[in-house]
Amino acid sequence: MLKNYLKIAFRSLLKNKTYSFVNIFGLSIGVTCCLLILLYLNNEFSYDRFHENSDRIYRAWVLEDYGDGDIYWNSTTPIRFKNLFEEHIPETELVARRYIYTDLVRGDNQPESFSEPIQLVDPEFFEMFDFELLKGDPSSVFAQPSTVVLTPESAKRFFGTEDVLQKTLWIKVGSDFQPFTVTGIIEEAPGNSSIQYQLLIPFQNATHLFSPQAFNGWYSVAPETYVQLVEGANGNETRAKLTPLAKQLLGEEEWNQSQYTIDLQPLTNIHLNPDIPVGIASVSDPTYLYILSGIALLVLLIACINFITLSISRSGSRAKEIGVRKTIGAERKHVMYQFWGEALLMTILALGIALLLTETLLPYFNQLSGTSLVLGVNIQSITMVAFFGIIVSILAGIYPALFLSRFRPIEVLKGRMNTKKDASLFRTGMVVFQFTMSIFLIASTMIIGNQLDFMRSKSLGYQPENVIVLQVDDNPDRETGFTGLMERTHSKADLLRSELNSIPEVNRVATSMYTPADNGWISVDYRDEQGKIFAFNVNFVGMLFPKLLDLAFVEGRDFSTGITSDAQKALIVNEAFVTLHGWEDPLNAQLHSPQFIDHEIIGVVENFNYSSLRNDVEPLAIAINPMVIFSGIDNVGINSTSPRISVSIESTNIPATISSIESAWEKILPGEPFNFSFLDEAVDAQYRQEERLARIISFGATFAIIIACMGLFGLASLMIVRRTKEIGIRKVLGASSSRILILVNKEFSFLVLYALLLAAPLIWFGMNFWLNDFAYRIEINVWTIGLSGVIALGIAWLTIGIHLYRAVTVNPVNSLKTE
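Its first residue numbered 58, the sequence shown is counted upward by one per residue in this note's numbering.
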């Protein structure tokens, strides 16, 4: 029986080559799109689940709420949290902290240093997480503070080989280089791991980076703290103990002021939960994954709809076959099996083509999505492909099987089928659905692209073009802190400036702790005499920084080298800062706390977008001397980073200018790596996630349009076969070819118009929901929606016109002979 079904299915496919090609290739494109997106989704949803005890591992977070909206919420924690869990939470099995800073590293007897992210971790790190030590003993790899664990890639970079155990690596910790002995080689972290690393040293070295107060304080946050509970422990019960414990340890009076909250976040929840502040680990917005899931489903549905509509359109040509089979004894279920068999056969062929297309397109898709996905052969991938085959064959074959198998043999053989109305209505609905989704995807691509263009072209309030940003590999040390760090940076910039004066293309050289390309500047707050809290952001800069960015002053003046007091007490604030404090005369105002040292607000600049356009401009203060701010604040949140030296250059002969700057850098700062970026490119990179979304939606929209067009092409082919005689008669009666083209296209034009009317509200509400995430956004206009409909209509006309043109140019005598 099965052999007979397959034989009939093969004959049917070979007999109707155009129909078979459209169905198989359409399905293969739909499945390819789904496979690519599912690979991406699987990678995102599988983050951190490869750890054996992932269900028992949590990351701690802390929230301080001082009222009046003054909230400090961090997934980086106080250093003391390790002792907190070990001493007060009996369900704790392991606690591991991790902290990352960037500084210089060089191999033994090597003059060249590399700027590297250096990660401090506790020894429990190797026991808690399933990162395999390829060489070394997990229990003793961090037996001494001056030990280091490398990945194979970093071992080769520093030593040229992976055989590096007991070799010496010089790492800058604090203000000095110190020797570290290589005691282990650890495997590279998988791409779906929130925790990434290159170079690991014991957390004990944090004593060189933080003051004693930081180790005992509750309000200074730095490392991420991971907690593994004992097997069988109830995570919710453990979480419920933490805030009462904080209240007990802080004391009720202090706790009432800060409403100090401690909680735990499951490890597997970190990557896709943007509701908790980002720490060291990366976070993705799950909204984008839901959008991609919807695109994958839509493209697959469009492909299945093609199959269904073409099957129904061919019902007349297969009716007699079904009638004969039923007459000689076939039951309805046998006919259904036959059509499901054909659907399964075409699906298998489509899957084979889809796998080849997926493997071919995967490098391009990886470039689009910024991933390194592979189509591996394993139980998971085989299961996924088999699942696709079953689901697609059921979706594509269920309606044709039910519809065609219900034909009554007597009526069919007598030519009295009454299925035209139902089939036509269903087919029309499916075509409208296809184009509704296609128009939605086209419009979404255009709107996302317009929003990205808007963000790129919007005046940011400063000048990012032709600014090169050089990274200074230095960090605050426990003795001098930020004051010493900025003094060292200013000194380096002065030496560099004197060397660059001979380069005509260099305009200005300025220092800063952050640039607008850095996400998250220093956030601080203080409480005035009445207890009101004022929260704002801070950047520590050199005198030429406002001029380099061409900030616009609305009141007052810029920093001046001729006024010596500016280096010690001057502050420049933005308009949002003035609004926050309610000042009418900011140049004669003072910060509302006697704790601040002598200071002077010398200027007010226009609000400029120093962070992403997703956010409103927040209050900002710019100072040369860090103590102007740090002397009076109550709380501080620091996004750890190295200072920057920014160089403004002319737009002519940029490669030669960069080469000259590099030569000056190597002369003034020998041994420090020359790491540079363009400020405008770094600012654009803040919207990389939106750019990837736009590219992937464009990818899905292209696939959807191709599949819909293939369906239209197949429908047009079948329609023209049925209307060959009608076309011939019209031509005999004098109708021109263009008139016939317009007449036939009118039917499909109305379908696209209906699709546009259905897609318009989906576009309006769906894209407004997405745009609401941006503080600065475009408005959706009807022209964009209309243009997406025009594009879809033009594609439909082109698709049908190519096939129809051949029919209307045939001699009508020949057309009439075909009937």
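Beta carbons: idealized from backbone N, C-alpha and C, even for Gly. Model, not experiment: these values are computed from the prediction.
Residue environment for Q176: buried (at least 16 other C-beta atoms within 10 angstroms of its C-beta). Assigned with DSSP and collapsed to three states, T318 falls in strand. In the pairwise beta carbon analysis, the region 497 to 508 is classified as not touching the region 727 to 739: fewer than three pairs are separated by under 8 Å. In the DSSP annotation of this structure, the continuous segment of the alpha helix (DSSP H) that includes A303 starts and ends at G292 to L307. Under the DSSP assignment, W722 falls in the alpha helix (DSSP H) whose first and last residues are I711 to I725. DSSP places Q395 within a helical segment (H, G or I) once states are collapsed to three.
Under the DSSP assignment, K549 falls in the alpha helix (DSSP H) whose first and last residues are G538 to L557. P269: not part of any beta strand (DSSP E); member of the alpha helix (DSSP H) spanning P269 to N273, first to last residue. Per DSSP, the unbroken alpha helix (DSSP H) holding T636 starts and ends at E632 to H638. Pairwise C-beta distances place the region 118 to 134 out of contact with the region 194 to 213, as fewer than three of them are shorter than 8 Å. Setting aside the 5 residues that flank it on each side, V278 is surrounded in the same chain by V119, N131, T133, T134, P135 and G694, each with a C-beta closer than 8 Å to its C-beta; the list follows chain order. For P603, the enclosing alpha helix (DSSP H) begins and ends at F602 to L606. A353 sits away from L84, with the two beta carbons spaced by 8 Å or more.
With contacts defined as CB atoms closer than 8 Å, K224 and L161 fail to qualify as a contacting pair. Secondary structure of R137 (DSSP, three-state): coil. Per the C-alpha coordinates, the member of S196, S197 and L191 positioned closest to L207 is L191.
For the 8 Å CB-CB criterion, W227 and F234 form a contact.
For Q528, the uninterrupted beta strand (DSSP E) segment begins and ends at V524 to Q528. Taken in chain order, the whole alpha helix (DSSP H) runs of length 4 or more contained in the region 109 to 189 are 138 to 145 and 182 to 185.
With 16 or more neighbouring CB atoms inside 10 Å of its own CB, D530 falls in the buried class.
In this chain, Q285 is not harboured by any alpha helix (DSSP H); it is covered by the beta strand (DSSP E) spanning E281 to L286. Taking a contact as a CB-CB distance under 8 Å, the pair N692 and Y276 counts as one, their CB atoms being some 6 Å apart. The Cβ-Cβ distance between F591 and D585 falls below 8 Å. Counting of Cβ neighbours within 10 angstroms places L605 among the buried residues, the total reaching 16 or more.
The residue among L306, N631 and I654 with its C-alpha nearest the C-alpha of G274 is L306.
Nearest C-alpha to A609 among L329, N666, Q270 and A680: N666.
Here I681 is not near M570, since their CB atoms are 8 Å or more apart. Bridge pairing for R584: I590 [DSSP]. Rounded to the nearest angstrom, the Cβ distance from L813 to I496 is 6 Å, consistent with a contact under 8 Å. Between the region 654 to 666 and the region 612 to 619 there are three or more C-beta pairs closer than 8 Å, enough to call the two in contact. Cβ-Cβ separation between L151 and E189: approximately 17 Å, too far for a contact (criterion under 8 Å). DSSP links W227 through a beta bridge to R163 and P236. Counting along the chain, the unbroken alpha helix (DSSP H) around L736 starts and ends at L736 to D741. Look at N564 here: in three-state DSSP terms it is strand. Ranked by how close their Cα comes to the Cα of S197, the residues V239, G164, N825 and S232 have V239 in first place. Here K589 is exposed. Its C-beta has fewer than 16 other C-beta atoms within 10 Å.
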